[in-house]
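Residue numbers (the working numbering), protein chains in the order written: chain F, 1 to 260; chain L, 1 to 260. Every residue gets a Cβ at the ideal spot worked out from N, C-alpha and C, and that includes glycine. What you are looking at is a predicted structure, and each value in this text was computed from that prediction instead of being measured.
There are 2 protein chains.
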Amino acid sequence: MARLRVTFLGTGTSQGVPRLGCDCEVCTSPDIRDTRTRCSLYIQTPDLCWVVDTGADFRTQCLREKVRQVDAVLITHAHADHIMGFDDLRPFCRHGNTLPVYGSADTLEQLAQVFSFAFHPPKRSPGYLHPEPIVVRGEFKLGNVSITPLELPHGRTISLGYLMKVDGQPWFAYLTDCKTVPLDVERQVAGVRHLVIDALRERPHPTHLSVGEALESIARIEPGEAWLTHLCHDHLHSDLEARLPRGVRVAHDGLVLEMD
Amino acid sequence: MARLRVTFLGTGTSQGVPRLGCDCEVCTSPDIRDTRTRCSLYIQTPDLCWVVDTGADFRTQCLREKVRQVDAVLITHAHADHIMGFDDLRPFCRHGNTLPVYGSADTLEQLAQVFSFAFHPPKRSPGYLHPEPIVVRGEFKLGNVSITPLELPHGRTISLGYLMKVDGQPWFAYLTDCKTVPLDVERQVAGVRHLVIDALRERPHPTHLSVGEALESIARIEPGEAWLTHLCHDHLHSDLEARLPRGVRVAHDGLVLEMD
């Protein structure tokens, strides 16, 4: 069993790819890597398993990847494409247990407003989802993994990135949904084995990194390997990947990274 | 073109079928009719198209059924399995138009709490979802269809059923998510051509009709044809349908009913 195993449940922007009603080359592509559900990760370790974000596709993603265990949830921020599948955590919260949910104070407050029936039920139904909100204020541990939250500017919101270390080794950094990567965050994730970074499209966007902006940040961070995520329907997977510098790849739904 | 065309986008209970992590006979059935996404309808008429409910599967359902036009939305009630895909209406709300959303005052208030960024944005982003809430207080028209709301008890909530008439003819009644069908509602939908009714499972449930309870109501309503919906993973489609009286069928995702 890998010490850390990351499965990309989703790698798409808020509307997913294909976009509803769109007949473009990407939205009709036969390449399965061009089908992108909303951004989410599934992390497995020998002790514990957790997810990062639960968009509307969460149940479909779990069926596809045969997810059978979720011991905790990390939320990057409370935009719709990252939380609307939260209720589908229900089967992972059984036998009267609670499910720890990590996020910033703002994010957990917004999540509790949307899913008030789970966070503040008038009466708790037996066997129903019982989240335990945990405000992230600094590094925390899940099993053998140390997790450092990283504040990222994302429009009017601060999104949390997460750096995951095993035995002090920075192995995986997840920086989705950000307009820039602040210098102190670049320093914290410098040299990480796998860097996953927002790269919505080549054209600039007011709240997301473009491919060019992501590449500039990657060049400063110098990861072992970089993976672009949160992509829209502007580029075929194969076309975009062919244009990228060595060591930079395009993530896709179902991609697995393993630390031996 | 049919005067009224109903496509069942979803026919499953809140957790869908297959249920996450379940290996039962139904959840592993090769019969496509045993795959049930969350309850929703797509209605097409020569003038207008609308959906009833937008659960988390809404985008997946629209891709499957190639839905390209939505002019209005009807919500039965604001439970998670009926609303969490609401944000995926975005591509149907373009060119500065608003999207009319019909429901009870309570339902629309809860919907606006969950999707406050769409109903009460600090600043409305161009090209973003702009719902126009319309409180249903009695019969209303969409194109050539007269729609009568029907109050149904559903635990602590009142769910709205909808009766659709064309040229005064009661053609389609949708009674999902109810514990009973009150006598005055049975009278209003008596003799309807197609009755769709909640029938979660054979065992009783505190907030949903059982198959037996649904059959009793169907016998009093005497529809042309009755369709069971909102099913859980207790029964194979084929097994359940084989046991039903003449004129009662089991709905499934993708089922289409047409009024010539």
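Practice task
May I have a chain-ordered list of the beta strand (DSSP E) segments no shorter than 3 residues that lie completely inside the region 168 to 230 of chain L?
Solution key: Counting whole runs of 3 or more residues, the region 168 to 230 of chain L contains the beta strand (DSSP E) stretches 169 to 175, 194 to 198 and 225 to 229.
Handout entry: Cutoff 8 Å: residue 101 of chain L Cβ touching any chain F Cβ
Key = For residue 101 of chain L, the answer is no, since every Cβ of chain F falls outside 8 Å of its Cβ.
Handout entry: Rounded C-alpha distance that separates residue 261 of chain L from residue 234 of chain L
Key = Outside the displayed range of chain L (1 to 260) lies residue 261 of chain L, so it cannot be described from this structure.
Practice task
Output yes if chain L places a C-beta closer than 8 Å to the C-beta of residue 61 of chain F; else output no.
Solution key: So no, residue 61 of chain F is outside the interface.
Handout entry: 7 Å Cβ cut-off: residues of chain L touching residue 17 of chain F
Key = Residues of chain L passing the Cβ test: none, with the nearest at roughly 10 Å.
Exercise for the section: Kindly identify the DSSP beta-bridge partner or partners of residue 68 of chain L. Expected result: Per the DSSP secondary-structure output, residue 68 of chain L pairs with nothing in a beta bridge.
Problem - Contact set between residue 48 of chain F and chain L, taken where Cβ atoms lie within less than 8 Å - result: Counting only Cβ-Cβ distances below 8 Å, residue 48 of chain F has no contacts in chain L at all, with the closest Cβ about 16 Å away.
Problem - Alpha-carbon to alpha-carbon, residue 123 of chain F and residue 154 of chain F - result: Their Cα atoms are separated by approximately 36 Å.
Practice task
Anything in the region 110 to 132 of chain F with a Cβ closer than 8 Å to a Cβ of chain L? List those residues in chain order, please.
Solution key: Hits within the stretch, in order: 113, 114, 115, 116, 117 and 122.
Exercise for the section: Pull up the CB-CB distance for residue 41 of chain L and residue 71 of chain L, whole angstroms please, since I reckon it's below 8 Å. Expected result: In this structure, residue 41 of chain L and residue 71 of chain L do not form a Cβ contact; the two beta carbons are roughly 14 Å apart against a cut-off of 8 Å.
Exercise for the section: Anything in the region 212 to 246 of chain L with a Cβ closer than 9 Å to a Cβ of chain F? List those residues in chain order, please. Expected result: For the region 212 to 246 of chain L, no residue has a beta-carbon sitting nearer than 9 Å to a beta-carbon of chain F.
Practice task
With DSSP collapsed to three states, give me the class of residue 137 of chain F.
Solution key: Three-state DSSP puts residue 137 of chain F in coil, outside helix and strand.
Practice task
List the residues of chain F whose Cβ lies closer than 7 Å to the Cβ of residue 68 of chain L, in chain order.
Solution key: Within chain F, the residues near residue 68 of chain L are 21.
Practice task
Taking only the alpha-carbon atoms, compute the straight-line gap between residue 288 of chain L and residue 2 of chain L and give it to the nearest angstrom.
Solution key: No information on residue 288 of chain L is available, as it lies outside the stretch 1 to 260 that chain L covers here.
Practice task
Look at residue 94 of chain F and residue 138 of chain F and say whether their C-beta atoms are less than 8 Å apart.
Solution key: No, Cβ-Cβ distance for residue 94 of chain F and residue 138 of chain F is not below 8 Å.
Exercise for the section: Could you pull the start and end residues of the alpha helix (DSSP H) that residue 104 of chain F belongs to? Expected result: Where residue 104 of chain F is concerned, there is no enclosing alpha helix (DSSP H), given that its DSSP letter is neither H nor E.
Exercise for the section: Count the other C-beta atoms from every protein chain shown that fall within 10 angstroms of the C-beta of residue 24 of chain F, then say buried if there are 16 or more, exposed otherwise. Expected result: Counting Cβ neighbours within 10 Å, residue 24 of chain F comes out exposed, since fewer than 16 surround it.
Problem - Candidates F:217, F:179, F:58 and F:212, of which the one nearest residue 192 of chain F by Cα - result: When each option's Cα is compared against that of residue 192 of chain F, the closest is F:217.
Handout entry: Segment limits, beta strand (DSSP E) that includes residue 158 of chain L
Key = Segment 157 to 166, the beta strand (DSSP E) holding residue 158 of chain L.
Exercise for the section: Measure the C-alpha to C-alpha separation of residue 141 of chain L and residue 51 of chain L and round it to an integer number of angstroms. Expected result: Between residue 141 of chain L and residue 51 of chain L, the C-alpha separation is close to 14 Å.
Problem - Short CB-CB distance (under 8 Å) between residue 56 of chain L and chain F - result: Taking Cβ atoms only, chain F reaches closer than 8 Å to residue 56 of chain L, which makes this a yes.
Exercise for the section: Kindly list, in the order they appear in chain L, the residues whose Cβ is closer than 9 Å to that of residue 164 of chain F. Expected result: Near residue 164 of chain F there are no residues of chain L at all, since even the closest Cβ is about 24 Å away, more than 9 Å.
Exercise for the section: Determine the contact status of residue 36 of chain F and residue 55 of chain F, defining contact as a CB-CB distance below 8 Å. Expected result: No, Cβ-Cβ distance for residue 36 of chain F and residue 55 of chain F is not below 8 Å.
Handout entry: DSSP bridge partner residues for residue 8 of chain L (one or two, in chain order)
Key = Residue 8 of chain L pairs with L:41.
Exercise for the section: Compute the distance between the beta-carbons of residue 111 of chain L and residue 78 of chain L, then report whether it is under 8 Å. Expected result: With respect to residue 78 of chain L, residue 111 of chain L sits close: the two C-beta atoms are nearer than 8 Å.
Practice task
Would you list the one or two residues that DSSP bridges to residue 126 of chain F?
Solution key: According to DSSP, which records beta bridges pairwise, residue 126 of chain F is partnered with nothing at all.
Practice task
Give the residues of chain F in contact with residue 85 of chain L, contact being defined as C-beta atoms less than 8 Å apart.
Solution key: Within 8 Å of the CB of residue 85 of chain L, the CB atoms of chain F belong to 56 and 84, in sequence order along the chain.
Exercise for the section: Express the C-alpha separation of residue 4 of chain L and residue 257 of chain L in angstroms, rounding to a whole number. Expected result: Pairing residue 257 of chain L with residue 4 of chain L, the inter-Cα distance amounts to about 8 Å.
Exercise for the section: Please compile the residues from chain L whose C-beta is within a distance smaller than 9 Å of the C-beta of residue 91 of chain F. Expected result: Within chain L, the residues near residue 91 of chain F are 15, 19, 20, 21 and 22.
Practice task
From the DSSP output, in three-state form, read off residue 30 of chain L for me.
Solution key: It is coil, neither helix nor strand.
Exercise for the section: Measure the CB-CB distance between residue 63 of chain L and residue 102 of chain L and report whether it falls below 8 Å. Expected result: No; because the gap between Cβ atoms is not below 8 Å, this pair is not in contact.
Handout entry: Identity of the residue in F:204, F:246, F:260 and F:230 nearest residue 33 of chain F by Cα
Key = Measuring from the Cα of residue 33 of chain F, the nearest candidate turns out to be F:230.
Practice task
Starting from the Cα of residue 224 of chain L, find the closest Cα among L:209, L:89, L:189 and L:149 and give me that residue.
Solution key: Ranking L:209, L:89, L:189 and L:149 by Cα distance to residue 224 of chain L puts L:189 first.
Handout entry: Rounded straight-line distance, which links the Cα of residue 90 of chain F to that of residue 16 of chain L
Key = Roughly 12 Å separates the two Cα atoms.
Handout entry: Limits of the alpha helix (DSSP H) - the one that residue 243 of chain F falls within
Key = For residue 243 of chain F, the uninterrupted alpha helix (DSSP H) run begins and ends at 237 to 243, by DSSP.
Handout entry: Cα-Cα separation, residue 58 of chain F to residue 8 of chain F
Key = Cα to Cα, residue 58 of chain F sits roughly 12 Å from residue 8 of chain F.
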